[in-house]
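Step one of this worksheet: look at the structure below.
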Amino acid sequence: SLPGYSYEVYHSLEEIQNWMHHLNKTHSGLIHMFSIGKSYEGRSLFILKLGRRSRAYKRAVWIDCGIHAREWIGPAFCQWFVKEVLQTYRSDPAIRKMLNHLYFYIMPVFNVDGYHFSWTNDRFWRKTRSRNSRFRCRGVDANRNWKVKWCDEGASFHPCDDTYCGPFPESEPEVKAVAHFLRKRKKHIRAYLSFHAYAQMLLYPYSYKYATIPNFSCVESAAYNAVNAIHSAYGVRYRYGPASSTLYVSSGSSMDWAYKNGIPYAFAFELRDTGHFGFLLPESLIKPTCTETMLAVKNITMHLLKKC
Amino acid sequence: YLYNNRYAGDKVIRLVPETEGKAHVLKNVCHQFKVDLWQPSSISYISEGTVTDVHIPQNGSQILLAFLQQANIQYTVLIADLQKTLEKGSSLKAQRKRR
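The listed protein sequences correspond, in order, to chains R and V.
Sequence positions in the first sequence follow this note's numbering and run 186 to 493.
Sequence positions in the second sequence follow this note's numbering and run 1138 to 1236.
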């Protein structure tokens, strides 16, 4: 990996993008970086495609981090995941199997404008940075802007609210770009994982209603095994279940959209902690948080490779 | 100081309203003071028993806490000084010094 690049500190957007560029040059056998569009403020939306190149058909897993700007542990985990995969590809049979049989699309920072703003201005910014013509308030909640029961319960029509759903679905260029990308590949993307903080939960659909998903038993058993894997690392307990009843009802979320568009395993992680530090999870806790989360992601991926 | 020391004296408190009446009061307080809600993500989610984490600014905290005490809404302080916690948990200051 990049010499001197620490995965146990939080990095600015510029540092993360430099890191991505570096990996693209130095690990071309396993990594390919590309852009899927531009943010509201004109920043590139970079994705890393991980996996051994193959002419044969391969399924894929999508992972995004940093939908909400202030949840810095998310992008930290995305970087950790890539680092771990590159470092253990030869030594870990599970990782080798994952990369040989699947592609991973990693979006280390979904909300690039918001993330940059949280570094330079307001550490606790949540939304995107799009402007509203009628109000002085900026930004849309990128996890309420998807076209799935858009702006229903759990979202707000008011631009100054932190759960503002936007003027219309996929109004945010970041959301639109990712939605377009996933729609085009929905037949071979088998899992959608989105990383947030904080609550220590592993959530699956539905978020917008109280109902059981058709493939509940497969998804539930994957979640059960994943939280057990998390617990095995440092004894940290994660709750798991449908987002609507485990956390709260919210409409327009990326997880529900992914599921509705045919991705059978859609999860949202709420990483550490449960409020002691909240969004200010210290850098000293990046390593244990990412280590335990890595086990969960490996678990879900191996579950995916078996037939359920 | 990181962020020009703007978070000095800010607190994060946790409230769990015991009744719907207290939840209603808490929602009004959050709305009136335009607080930064850490969890849940929206004031509309606050009801009886909801774990509510609120970031309150230093200049409004005395009045806000007095409101809560008057309404008999118990709270615990999760983070007593946001700026100190920020500085302590980050290597940014050390990195900047080195540069």
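Where is the CB? At the ideal position from N, CA and C, for every residue including glycine.
These numbers were taken from a predicted model, which means no experiment stands behind them.
Residue i, buried or exposed, once every other Cβ within 10 Å from all chains shown has been counted against 16
i: T211/R; result: exposed
i: K334/R; result: buried
i: R240/R; result: exposed
i: K312/R; result: buried
i: R321/R; result: exposed
i: R308/R; result: buried
i: E455/R; result: buried
i: K492/R; result: exposed
i: A396/R; result: exposed
i: Y1182/V; result: buried
i: Q1206/V; result: exposed
i: P354/R; result: buried
i: A443/R; result: buried
i: R316/R; result: exposed
Contact with chain V by residue i, beta-carbon distance below 8 Å
i: R494/R; result: A query on residue 494/R cannot be resolved here, the shown segment of chain R reaching from 186 to 493 and no further.
i: D582/R; result: The requested residue 582/R is not part of the displayed model; chain R covers only 186 to 493.
i: P467/R; result: yes
i: Y225/R; result: no
i: F464/R; result: yes
i: Y433/R; result: yes
Where residue i meets chain V, residues with beta-carbon distance less than 7 Å
i: G460/R; result: R1151, D1190, L1215
i: S341/R; result: S1179
i: V194/R; result: S1228
Residue from the options with nearest C-alpha to residue i
i: S318/R; options: Y444/R, H343/R, E269/R, I374/R; result: H343/R
i: E1155/V; options: S1181/V, S1179/V, Q1211/V, I1216/V; result: Q1211/V
i: D1147/V; options: E1224/V, S1227/V, K1225/V, D1218/V; result: D1218/V
i: I1216/V; options: M386/R, A481/R, G460/R; result: G460/R
i: V482/R; options: A414/R, E468/R, C403/R, H207/R; result: A414/R
i: G463/R; options: A1145/V, V1166/V, Q1176/V, K1159/V; result: Q1176/V
i: K234/R; options: Y409/R, E256/R, L208/R, S224/R; result: L208/R
i: G324/R; options: P293/R, Y349/R, D337/R; result: Y349/R
i: H301/R; options: Y195/R, P427/R, P473/R; result: Y195/R
i: S224/R; options: R314/R, Q264/R, N330/R, I232/R; result: R314/R
i: A327/R; options: E338/R, G351/R, N306/R, R370/R; result: G351/R
i: L489/R; options: G189/R, L284/R, V363/R; result: L284/R
i: S417/R; options: F266/R, L466/R, M479/R, E226/R; result: M479/R
i: R281/R; options: R238/R, C475/R, M292/R, F219/R; result: R238/R
i: L367/R; options: D337/R, F380/R, N446/R; result: N446/R
i: T1187/V; options: A1160/V, A1208/V, L1174/V, N1142/V; result: A1160/V
i: T1222/V; options: C475/R, S469/R, N330/R, T474/R; result: S469/R
i: W331/R; options: S436/R, I216/R, K268/R; result: S436/R
i: A453/R; options: L387/R, P399/R, A443/R; result: L387/R
i: Q264/R; options: H286/R, S303/R, F231/R, Q385/R; result: F231/R
i: P293/R; options: H206/R, G227/R, Q272/R, Y409/R; result: H206/R
i: S1184/V; options: L1152/V, N1142/V, Q1169/V, F1170/V; result: L1152/V
Whole-angstrom C-beta distance between residue j and residue i, which should lie under 8 Å
i: R457/R; j: I258/R; result: 7 Å
i: I248/R; j: F289/R; result: 6 Å
i: S392/R; j: V434/R; result: 7 Å
i: A261/R; j: M487/R; result: A261/R to M487/R, Cβ: 23 Å. No contact.
i: A245/R; j: H373/R; result: 5 Å
i: I221/R; j: V360/R; result: Rounded, the Cβ-Cβ distance is 11 Å, inconsistent with contact.
i: C1167/V; j: I1180/V; result: 5 Å
i: P390/R; j: P427/R; result: 7 Å
i: V1243/V; j: L1174/V; result: Because chain V spans 1138 through 1236 in this model, residue 1243/V falls outside it and cannot be assessed.
i: V1172/V; j: I1200/V; result: Actually they do not touch by this definition, with Cβ atoms about 12 Å apart.
Within chain R, the residues that residue i reaches when beta carbons sit closer than 7 Å
i: D1173/V; result: F309
i: Y1182/V; result: Y433
Minimum Cβ-Cβ distance from residue i to chain R less than 8 Å
i: L1163/V; result: no
i: S1198/V; result: no
i: T1222/V; result: yes
i: Y1140/V; result: yes
Amino acids of chain V, ordered along the chain, whose beta-carbon sits closer than 8 Å to that of residue i
i: R347/R; result: Per the sequence shown, residue 347/R should be read as Asp rather than Arg. Residues of chain V passing the Cβ test: L1174, S1178, S1179.
Within chain R, partners of residue i - CB distance below 8 Å
i: K1225/V; result: P467
The ligand ATP heavy atom lying under 7 Å from the CB of residue i
i: D1147/V; result: Absence of the ligand ATP from the depicted structure is noted, as is the absence of any ligand whatsoever, leaving it without description.
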